[in-house]
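*Asks:* This is the structure, below, for whatever I ask next.
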Amino acid sequence: LPKDGKIVPFLSDFFDFAIYIDADEKLIHQWYIQRFMRLRETAFRNPDSFFHRYSQLSEDAARAIAEGLWANINLKNLRENILPTRARADLI
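Anchor point for the sequence shown: position 40 equals 48 in my numbering, and the numbering is continuous, going up by one each time.
What follows is the structure, encoded as structure tokens:
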């Protein structure tokens, strides 16, 4: 229970069946970086895209940005919000 004693429902409380796809953190990281670099060559090329700025960077600069996004946003989200839901899954 939270410190104030109030029960806070989880989103998964409203599902009949929850699936958690378990993958090694290193593989998720590798997938994220590869996906970012691939999108840089495809969807990010659209001048109307929010991400267009990444298509204009050198490969090294884009990879550094992707690593920073992974470390500061995606990895944090994985550890703080996604991994804790594993125990609530019906199928892993």
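Heads up, the beta-carbon is just placed ideally off N, CA and C, and yes, glycines get one too.
All values derive from a computational prediction rather than experimental measurement.
Could you give the C-beta distance for S63 and R53, rounded to a whole number, given that I count them as a contact under 8 Å?
*Replies:* Start at 1 with the first residue of the sequence shown, and residue 63 comes out as number 55. Start at 1 with the first residue of the sequence shown, and residue 53 comes out as number 45. About 5 Å; that satisfies the 8 Å criterion.
*Asks:* What is the DSSP secondary structure of L35, reduced to helix, strand or coil?
*Replies:* Against the sequence shown, residue 35 aligns to sequence position 27. Looking at L35 - three-state DSSP - the assignment turns out to be helix.
*Asks:* Can you give me the Cβ contacts of T93 inside the same chain, cut-off strictly under 7 Å, excluding the 5 residues immediately before and after it?
*Replies:* Counting from one through the sequence shown, the residue named residue 93 turns up at place 85. The residues are S20, Y28.
*Asks:* Kindly give me the distance between the Cβ atoms of L86 and I41, rounded to whole angstroms, as I take these residues to be in contact under 8 Å.
*Replies:* As a first step, residue 86 must be located in the sequence shown, where it is residue number 78. As a first step, residue 41 must be located in the sequence shown, where it is residue number 33. About 14 Å; that fails the 8 Å criterion.
*Asks:* Report all residues from its chain with a CB closer than 7 Å to the CB of F44; omit the five preceding and five following residues, and keep chain order.
*Replies:* The residue given as residue 44 occupies position 36 in the sequence shown. Cβ neighbours of F44 beyond the five flanking positions: A74.
*Asks:* When you compare only the Cα positions, how much space is there between K84 and L77?
*Replies:* The residue you call residue 84 lines up with position 76 of the sequence shown. The residue you call residue 77 lines up with position 69 of the sequence shown. When rounded, the distance between both Cα atoms is 10 Å.
*Asks:* Indicate the three-state DSSP secondary structure (helix, strand or coil) for L83 in the structure shown.
*Replies:* Taking the first residue of the sequence shown as position 1, residue 83 is located at position 75. Three-state DSSP puts L83 in a helix.
*Asks:* Apart from the five residues on each side of it in sequence, which residues of its chain come closer than 6 Å, Cβ to Cβ, to D32?
*Replies:* Your numbering for residue 32 matches position 24 in the sequence shown. Nothing listed; no residue qualifies.
*Asks:* Let me know if R61 comes out buried or exposed under the rule of 16 or more other beta-carbons within 10 Å of its beta-carbon.
*Replies:* The sequence position of residue 61 within the sequence shown is 53, counting from 1. Answer is exposed; the Cβ neighbour count stays below 16.
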